[in-house]
Amino acid sequence: MSRHAVRLASAGLVLLGLVCAPVAASAQGWKDVKPSPPLALKGQGSFFVGGDVDKIKTRLLTSPDYAGKIMTDQMYVEFQLPQETNKEFPIVFMHGCCLTSKTWETTPDGRMGWYEYFTRKGFKTFMAEQVGRGRSGFDPRRFAEVNAGDKPGEDNPDILIATDRFAWNVFRLGDYETKTPFPGQKFPMQTVGVGENASNTFYKQVIPDLNATLSDAASPDCNGGTCTPVEPDAPYNSPDNLALLSKQLGGAILVGHSQSSSFPTRAALRGAAKDVKGIIQLETGCFTNLTAEHIKILKKIPILIMVGDNYAFPQPTESCITMRKQINDAGGDMTFIALPQIGIKGNSHMFMQDTNNLEVADVIIDWIKNHVAKDRTGKAGDNS
């Protein structure tokens, strides 16, 4: 298979469906979802943010080949507005690599996810799907140009395919070869084929990552599907749309995880400094190239960096120590929380799905209450 067809997440791995253990895929069927008490909402729905209209050449279309225009770079957003709200700004969650907004919904073993929990805690809660992923859709033109013969095969964008080995290693589940979880592991390991009632349910939410198809992925910096710009304030589809969403909501607390962890900061630096009310970066590194102008903006926005357990290196990293010093020395408010250091141990990269996910959520909520300014008008995120 040629390089342009697909790119595996790690050399020598075979596709997810071929490597998963032959166990029943029964978890998180309808009967596995745990019942919850009634939830009173005054609104729920979805909409899109951003998007560009582009022409597409007729020869790039398959039958029926109706020439016309297509939409690209749009971002899908889903929301829930509780009947009784708190005094906090709306909170916006964005998922990481190879995933969608499913990250924040019902956990793989059927428990309440953060989307529901934060709504129950009175937050106007939004989930944004990365541009090029899931319901946001992706730009097909680069594939179509190769298919039509306009460009050589090697110009096909790379596709990042996450395997089960990828999940065990990147999500810090344990030893893949022996299928041994880390001691005290909080991730629901039965959903990755371990223990009683084992299934492969978690892997159902892992999808191909098409970041390399993004319009701002055409630069030489986009290598192997890893297309995040080096400069913190560089144009970038999803952060730019998060900035626009923050403005539309009248202010928001932005949460990024893993691949998207830098996006809230990038959104603030892309013209939304007054609209990003709080930055929460989950399972992330930190910027090492902030300028004095960047710091001047970021010192006005409370920042939380949070990581879980079982890292192979000490936390915080040198980059986070440096960034925290830069922000706080300038009069800002940056907090770093390593969960084991506050007595919460065993959390994976996916702590929003771990068995203590609501305990971790409460740590974030407490930080918001103590660090982020209140929505005095109560109108942010209200479309009534």
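In mature numbering (1 follows the signal peptide of the UniProt record, and there is no 0), the protein residues as written are -27 to -1, 1 to 357. Even glycine gets a Cβ: it sits at the ideal position worked out from N, Cα and C. Only a predicted model underlies this, so the values are computations on that prediction, with no experimental measurement involved.
Quick check on DSSP: helix, strand or coil for residue i?
| i | result |
| --- | --- |
| Pro313 | helix |
| Lys177 | helix |
| Glu51 | strand |
| Asp355 | coil |
| Met67 | strand |
| Leu277 | strand |
| Met325 | coil |
| Arg349 | coil |
| Trp3 | helix |
| Thr308 | strand |
| Lys272 | coil |
| Cys293 | helix |
| Val167 | coil |
Can you tell me which residues form a DSSP beta bridge with residue i?
| i | result |
| --- | --- |
| Asp25 | Thr45 |
| His267 | In the DSSP output, where bridge partners are listed per residue, His267 has none listed. |
| Thr153 | Asp148 |
| Gly18 | Phe52 |
| Asp182 | Leu133 |
| Ala101 | Val50, Met67 |
Under 8 Å by Cβ, that's how I've got residue i and residue j pegged, so tell me the actual separation to the nearest angstrom.
| i | j | result |
| --- | --- | --- |
| Glu61 | Lys347 | 7 Å |
| Pro154 | Met162 | 5 Å |
| Leu218 | Ala101 | 7 Å |
| Asn31 | Asp38 | Per the sequence shown, the amino acid found at residue 31 is Thr instead of Asn. Confirmed, about 6 Å. |
| Ile276 | Asp306 | 7 Å |
| Gly224 | Lys250 | 5 Å |
| Gly351 | Thr136 | No, Gly351 and Thr136 are not in contact; Cβ-Cβ is about 46 Å, not under 8 Å. |
| Val119 | Gly110 | Actually they are not in contact, since the Cβ atoms of Val119 and Gly110 sit about 19 Å apart, beyond 8 Å. |
Please report the distance separating the alpha-carbon of residue i from that of residue j.
| i | j | result |
| --- | --- | --- |
| residue 364 | Glu204 | This structure does not reach residue 364, given that the chain is present from -27 up to 357, and the question cannot be answered. |
| Ala334 | His322 | 14 Å |
| Ala185 | Gly18 | 29 Å |
| Asp5 | Thr174 | 11 Å |
| Val167 | Pro81 | 13 Å |
| Pro202 | Pro8 | 42 Å |
| Pro212 | Phe66 | 12 Å |
| Ser36 | Asp27 | 19 Å |
| Thr328 | Phe91 | 16 Å |
| Gly281 | Phe236 | 19 Å |
| Gln326 | Trp87 | 8 Å |
| Ala303 | Ile252 | 17 Å |
| Ala240 | Ile268 | 14 Å |
The beta strand (DSSP E) with residue i in it runs from where to where?
| i | result |
| --- | --- |
| Lys250 | 249 to 255 |
First and last residue of the alpha helix (DSSP H) that includes residue i?
| i | result |
| --- | --- |
| Val228 | First-last for Val228: 225 to 230, but that is the beta strand (DSSP E), not the alpha helix (DSSP H). |
| Asp335 | 330 to 344 |
| Trp87 | 87 to 93 |
| Pro212 | 210 to 222 |
| Arg239 | 236 to 242 |
| Phe116 | 114 to 120 |
Given 7 Å as the limit, tell me if residue i has its C-beta closer than that to any heavy atom belonging to the ligand GTP.
| i | result |
| --- | --- |
| Ile341 | The ligand content of the structure shown is nil, which means the ligand GTP is not present either. |
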